[in-house]
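Please read the structure below before turning to the comments.
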Amino acid sequence: MVSPSEGDKFYLRLLLSHVIGPTSWEYLLTNNGMTFSTFKRSAEDRGFLETDHSIRDCLVEATSLRMPYALRRLFVTILIFCEPTDVRGLWNEFFTHMVEDYQTANNVVESNLTNMLLKDLNELLNLHGKKIDDYDLPYLPPNTIDRGAVPSIIQEELAIDIPNEDIESIAKLNNDQMIAFNTIMNVIVQKHSGVFFVDGPGGTGKTFLYRTLMASLRSRGEIVLATASSGIAATLLPGGRTAHSRFKIPIDIQPSSICGIEKQKDLANLIRVADAIIWDEAPMTNKNCLEALDRSLQDICSNSAPFGGKVLIIGGGGGFRQVLPVVRKGTKAQMISACIVQSHLWNHTKILHLRQNMRSLHDQEFAEFLIRIGDGVEPTKPDDMVRLPLHIAIPWEGEHSIQVLIQHIFPDLELHGWDAPYMVQRAILTPTNDDVQKLNDMIIDQFPGEEHNLLSFDEVEGDNHNLYQQEFLNSIAQGSLPPHILKIKKGAPLMLLRNLDPRYGLCNGTRLLCRGLFMNMLDVEILTGSNAGKRAFLPRIKIKTSASDGLPFVLSRKQFPI
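So for the sequence shown, full-length UniProt numbering puts the first residue at 1; every next one is plus one.
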């Protein structure tokens, strides 16, 4: 066992673990044409070690792309997620780069540039419940912030773009959708409270109904908080974000948990003035999350009615026909017990049924097949397995069948590097992380361009005696963590694993395209949601395991959250 305290022995072992085919000591000491005097410096230059200047290097790499608006958001992401020790030094060094577009727009003196930048950073920090005063940054004069103004978090909700097709979609609602629409709207218009569950198999137009409700209410100047249990579903709703992010629901949820919302903060004010809350994909949420929101809203709104007297619309997916709450190592009975239908709040819920499958009007046979599975009436094989019709399945004929699947979903992949429309229309879903990693590696191998392996920096919190070998820590694969080795190519699709900037579209599950990669920063394009086409910079951030991951320690992995 070799520990970092043994100096170059440790760094030599680290290099031998990751450098392929070394031919000499000099080979290990050399990288990008530069020969270093120690194995440690060689390991640092290759990105195998976390360094004190990695945050600065991240910002340096970002400035080379000359996108000041993205640089400002990156700076805020670093403040919140990367724990920089010299914030003022970073401010001084990168100030001119962050205000570059201010100067081109107007001939502004430096003092005004400072206030403009501080104000913009403060507004971005506010979205995360932070403010300029929380960091070692220049003083923001009180007159720069209009204390009597509507909080920015409320202004942003009021400014959400309302697509014309959503406004016009009332005329396209079918009978079931219209009944649900009128039922919910009547309660909101009359300022009553209510909890509604929109039930229907996949394809019956639940998202279409939500968007119609949101457009109708927002066009009247009312506020609808659009949330979903997953980031992917949230991107389908204008202004949507994950429920955990919006309401600060604890990750390690307990029966008595509450949301991390302070009553005097702007988020609490936003909730008070909201006219309705939509929570898509609620059936896959543990009932403890719903009950935590109920307790918090009653407290925030000083109202003992369910959810503080708010109108809450829940539903999503195929109702309870699709993914149930995940209970780690839980039994079938425990998973059923975690469902929201087992909550005392279900007794206060009105169910609205959608029956007509709009997505499968031209494939009624397939729609009926899905309903039979969801209703539990399709004949099963041992272990509750269902046999798929041959016309929708690829027969298993060994490992070659995986390549057939990839070719079917991603035809002519080598011709479609950098092709955003091509990538956003395709995905392979699988229930296990091991299969995800295997498929990702196979697809990246076929993708055009040079492959880059980006390594994480792993450590155990409080392990002052280096009890755990680096190889062991690097080998840990958890669903909550990015892999130790990220295999990436320019133009390849990515998926975000953390809520970095939900308002900008960077939330858990957002699909991205890699436009550029550096040692400490990724340049990505957002592929989904209302922010599709926008660019963003991603730094490495520390992601920690939780008690529910089942490890006897807290592993901290610093890696790109993808």
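Heads up, the beta-carbon is just placed ideally off N, CA and C, and yes, glycines get one too.
Excluding five sequence positions before and after Gly-239, the CB atoms of its chain that fall closer than 6 Å to its own CB belong to Ile-160 and Ala-226, given in chain order.
The shortest C-alpha to C-alpha distance from Gly-316 to any of Leu-209, Pro-411 and Asp-299 is the one to Leu-209. Rounded to the nearest whole angstrom, the C-alpha separation of Asn-520 and Phe-81 is 14 Å. When the Cα atoms are used, Leu-413 and Pro-448 turn out to be separated by approximately 8 Å. DSSP places Gly-231 inside the alpha helix (DSSP H), whose first and last residues are 231 to 234. In the structure shown, Ser-152 falls within a helical segment according to DSSP collapsed to helix, strand and coil. For Thr-183, the uninterrupted alpha helix (DSSP H) run begins and ends at 175 to 189, by DSSP.
Going by DSSP, Pro-421 is part of the alpha helix (DSSP H) stretching over 420 to 424.
Per DSSP, Asp-280 is not a residue of any alpha helix (DSSP H); the beta strand (DSSP E) it occupies stretches across 276 to 280. Between Lys-310 and Ser-193, the CB-CB gap stays under 8 Å. Distances from the alpha-carbon of Thr-38 to those of Ser-296, Gly-47, Trp-25 and Glu-50 put Trp-25 closest. When rounded, the separation of the alpha-carbon atoms in Leu-496 and Val-273 is 31 Å.
In this structure, Cys-507 is the residue among Val-99, Ala-243, Cys-507 and Ser-546 with its C-alpha nearest to the C-alpha of Ala-536. Under the 8 Å Cβ criterion, the region 127 to 137 counts as touching the region 82 to 101, having at least three qualifying pairs. For Lys-119, the three-state secondary structure derived from DSSP is helix.
Check the Cα spacing between Lys-487 and each of Lys-438, Asp-501 and Gly-479: the tightest is with Lys-438.
By the Cβ criterion, the region 198 to 206 is not in contact with the region 240 to 248, since fewer than three pairs of Cβ atoms, one from each stretch, lie closer than 8 Å.
Short of 8 Å from the beta carbon of Arg-73, and not among the five residues preceding or following it, lie these beta carbons of its own chain, in chain order: Leu-124, Asp-501, Tyr-504, Ala-536 and Phe-537. Secondary structure at Ser-64: coil, using DSSP grouped into helix, strand and coil.
The continuous beta strand (DSSP E) containing Gly-194 extends over residues 194 to 199. One Cα belongs to Met-98, the other to Thr-510, and the distance between them is close to 25 Å. Of the residues Asn-474, Cys-514, Leu-512 and Val-460, the one whose Cα lies closest to the Cα of Ser-546 is Val-460.
With fewer than 16 other beta carbons inside 10 angstroms of its own, Trp-396 counts as exposed.
When the five nearest sequence neighbours on each side are left out, the beta carbons in the same chain lying within less than 7 Å of the beta carbon of Ile-153 are those of Asn-126, Leu-127, Asp-266, Leu-267 and Leu-270, in order along the chain.
Under the three-state reduction of DSSP, Glu-525 is assigned to strand. When the beta-carbon positions are compared, Val-189 and Ile-278 stay at least 8 Å from each other. Going by C-alpha positions, Gly-533 is about 43 Å away from Thr-331. Ile-392 sits exposed, since fewer than 16 C-beta atoms from the chains shown fall within 10 Å of its C-beta.
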